[in-house]
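The sequence shown maps to residues 0 to 458 in numbering that gives the first Met the number 0.
Take a look at the structure set out below.
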Amino acid sequence: MGRSKKRNNKENSQENSPKKKKNYKFQTIRGMRDILPEDQIYWGKIRKVVEKIAYDYNYGRIDTPVVESTNLFERATGEDTDIVEKEMYKFETTSGKKVSLRPEGTPGVVRAYIEHGLRTKASPIKLYYIGPMFRHDRPQKGRYREFFQFGFEAIGEQDPILDAQIIQTSLRIINAIGIGSNKLDVQLNSIGCKECRPNYNKLLISYLKNRKQSLCMNCKNRLDKNPLRVLDCKEEKCTQVIAQAPQSVDHLCPDCKKHFTFLLECLDELKIAYAINPHLVRGLDYYTKTVFEIWAKDDEEGRTALGGGGRYDYLVEKLGGKKTPAVGFAAGMDRLVEEMKKRKIKGLKPPQPKVFLAQLGDLAKMKSLSVFQGLEKAGITVAESFGRGNLKAQLKKANQMGVELVLIMGQRESLDETVIVKDMIGGNQEVVTLKKAVKEVKKKLDKIKKEIRIKTTPN
Ligand code: HAM
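This is how it looks when you write it as structure tokens:
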């Protein structure tokens with residue numbers, strides 16, 4: 000924190016000081032970062048897995064705007080939540096409209112569901128999204144101000160089988176990324192519905208009020224407005240009080256109880272291990288019945304929630320739609336990437352070029368651009384180093400890359416509209432016309448592939 004504070008002050012003073020303006024170095028603002036090419040293999044893998052599993056489980060992609068009306072989040076996420084109260088990037092447009100950068104994806108998806116009349120389509124409608132979210136929280140490891148989530152929402156079904164399936168889907172994705180289920184912890188709770196929650200809240204408030212002196216300031220303030228959130232407090236003094244607090248699962252109405260029991264049976268049937276956590280309440284206002292989180296298990300620095308979700312049966316109605324039950328979850332991609340690195344899980348394998356295009360002289364350099372494009376259009380991945388003029392250096396690079404063919408274009412070849420095709424495995428080379436180059440390269444690559452196959456097939 001000290002270091003980042005320093006950096007922040009430095010940023011501000013550099014930015015504002017007229018003297019230093021000349022030397023001002025731009026850098027990412029606090030809590031935001033660049034994702035450089037070498038990291039994209041991890042992000043690419045997550046996206047690929049999410050897209051594949053979304054397709055398998057019948058989820059359609061939805062993209063909603065990053066900027067939405069502030070009112071949407073106040074209503075959906077909840078005015079008394081930390082996210083809305085303290086963490087939203089709010090601003091006014093030039094026309095005076097109050098808008099915010101989305102802190103989470105669910106409100107926008109539900110707004111879109113209502114706005115586009117998606118309830119007339121198949122029910123439940125299953126939607127997924129991938130994109131940046133923004134929360135102005137204190138940055139720390141695994142917590143950024145701009146972070147990325149993928150999320151799944153199934154809207155229009157109240158059956159607990161959907162709760163089970165959404166937990167199954169989230170685990171399936173995290174598993175397919177390479178984080179084995181033995182490394183994950185499913186934390187589960189039911190926080191009841193409109194029928195049973197008020198009674199439970201009353202019980203909880205009365206219990207907490209009797210121990211108010213032992214609670215932290217934050218919880219004292221939360222007590223009446225949002226008693227459930229007290230259960231989530233990590234302050235030492237509060238955890239002692241919370242340990243003996245009444246638990247929501249013991250005060251569910253018959254409908255919520257039946258729902259929760261069936262969900263547990265489904266999870267048992269799926270052989271998904273879970274822990275019922277009576278203190279899991281989630282920091283968003285819209286949840287009813289099921290809430291869950293997936294934690295990374297062997298985290299020495301405490302729990303890392305890789306993802307979380309639950310049922311939100313009143314949200315569609317609250318945002319102006321018809322009464323429609325729903326369930327969903329979202330996972331933090333930044334945290335998943337960190338887990339992948341920590342566990343040395345490989346990212347996407349970048350395509351390995353089989354051809355290197357070398358050139359010598361200005362004319363050859365210019366012509367190489369269209370040769371490159373011709374090969375690329377034919378689906379052949381080509382490496383090059385157009386900026387270099389030295390042929391020896393280019394061939395050295397081609398060798399290091401382990402390509403199968405090198406195409407060489409010198410002054411003479413560019414005048415003759417030809418190119419030399421050198422087979423790096425067989426060692427032979429031949430001159431072909433530019434017109435036939437793509438066809439010839441394809442033929443030679445096929446031949447090399449066949450030869451390799453013959454060599455590696457056991458007799
Ligand atoms: P959430 O628990 O607020 O739920 O966020 C889901 C996940 O996003 C977290 O488990 C965490 O991995 C990641 N995350 C949250 N904040 C940050 C941050 N500041 N930096 C990095 N990662 C973060 C939701 O957002 C709900 N919309 C989930 C949901 C969907 N419920 C129903 N449908």
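Quick reminder that beta carbons are idealized off the backbone N, C-alpha and C, glycines included.
If we ignore side chains and look at the alpha-carbon of each, how far apart do residue 259 and residue 68 end up?
-> 34 angstroms
Helix, strand or coil for residue 287 per DSSP?
-> strand
Which runs of the alpha helix (DSSP H), 4 residues or longer, sit entirely within the region 101-138?
-> 105-114
Say yes only if the C-beta of residue 105 is nearer than 7 angstroms to one or more non-hydrogen atoms of ligand 1, and no if none qualify.
-> yes
Sufficient close CB pairs (3 or more, under 8 angstroms) joining the region 377-395 to the region 343-354 | As far as the Cβ criterion goes, the region 377-395 touches the region 343-354, which means the pair count is three or higher.
Would you give the residue range spanned by the beta strand (DSSP E) that residue 188 belongs to?
-> Secondary structure note for residue 188: its beta strand (DSSP E) is the uninterrupted segment 183-189.
Scan the region 170-242 and note each continuous beta strand (DSSP E) run of 3 residues or more that stays entirely inside, going in chain order.
-> 183-189
Assigned exposure category for residue 392 - 16 Cβ within 10 Å defines buried | exposed
Residue range of the unbroken beta strand (DSSP E) whose run includes residue 142 | From DSSP, residue 142 is part of no beta strand (DSSP E); its letter is neither H nor E.
Would the region 387-401 and the region 336-346 be scored as touching if the rule is three or more Cβ pairs under 8 angstroms?
-> no
Does any heavy atom of ligand 1 sit closer than 7 angstroms to the C-beta of residue 136?
-> yes
Flag residue 194 as yes when its Cβ comes closer than 7 angstroms to any non-hydrogen atom of ligand 1, and as no otherwise.
-> no
Classify residue 149 as buried or exposed, calling it buried when 16 or more other Cβ atoms lie within 10 Å of its own Cβ.
-> Per the 10 Å Cβ criterion, buried.
Below 8 angstroms, can you find three or more Cβ-Cβ pairs linking the region 285-293 to the region 42-51?
-> no
Residues near residue 282 by beta carbon distance below 8 angstroms, same chain, minus five either side | 80, 81, 82, 228, 231
Taking the alpha-carbon positions, what's the residue 34 to residue 303 distance?
-> Going from the Cα of residue 34 to the Cα of residue 303 covers about 21 angstroms.
Under the three-state DSSP convention, the category residue 315 falls into | helix
Could you tell me how far apart the beta carbons of residue 188 and residue 275 are, in whole angstroms, since I believe they sit closer than 8 angstroms?
-> 6 angstroms
Say whether the region 247-254 touches the region 179-197, bearing in mind that this needs 3 or more beta-carbon pairs closer than 8 angstroms, one atom from each stretch.
-> yes
Cα separation between residue 360 and residue 41?
-> Taking the straight line joining both Cα atoms gives about 39 angstroms.
Any non-hydrogen atom of ligand 1 within 7 angstroms of residue 183 CB | Outside the cutoff, so no.
Taking the alpha helix (DSSP H) that residue 259 falls in, what are its first and last residues?
-> 253-268
Looking at the structure shown, is residue 444 part of a helix, part of a strand, or coil, going by DSSP?
-> helix
What runs of the beta strand (DSSP E), each 3 residues or longer, lie entirely inside the region 343-400?
-> 354-358, 381-383
Cross-strand partners of residue 329 (DSSP beta bridge) | Answer is 150, 307.
beta-carbon residue 33 near ligand 1 non-hydrogen atom, thresh 7 angstroms | False, no ligand heavy atom lies under 7 angstroms from that Cβ.
Go ahead and pull the three-state DSSP assignment for residue 90.
-> strand
Determine, using beta-carbon pairs with one atom in the region 314-329 and one in the region 103-110, whether at least three such pairs fall under 8 angstroms.
-> yes
So what's residue 449 in DSSP terms, helix, strand or just coil?
-> helix
In terms of residue numbering, what span does the alpha helix (DSSP H) encompassing residue 71 cover?
-> 69-72
Per-residue DSSP class, three states only, for residue 407 | strand
What residues are listed by DSSP as bridge partners for residue 97?
-> Looking at the DSSP assignment, residue 97 forms a beta bridge with 91.
Could you check what DSSP says for residue 292 in three-state terms: helix, strand or coil?
-> In this structure, DSSP gives residue 292 an extended state, which the three-state scheme calls strand.
Determine, using beta-carbon pairs with one atom in the region 22-29 and one in the region 117-131, whether at least three such pairs fall under 8 angstroms.
-> no
Expressed to the nearest angstrom, what Euclidean distance is found between the alpha-carbon atoms of residue 444 and residue 364?
-> 24 angstroms
Just to confirm, does residue 234 get its C-beta within under 7 angstroms of one of the non-hydrogen atoms of ligand 1?
-> no
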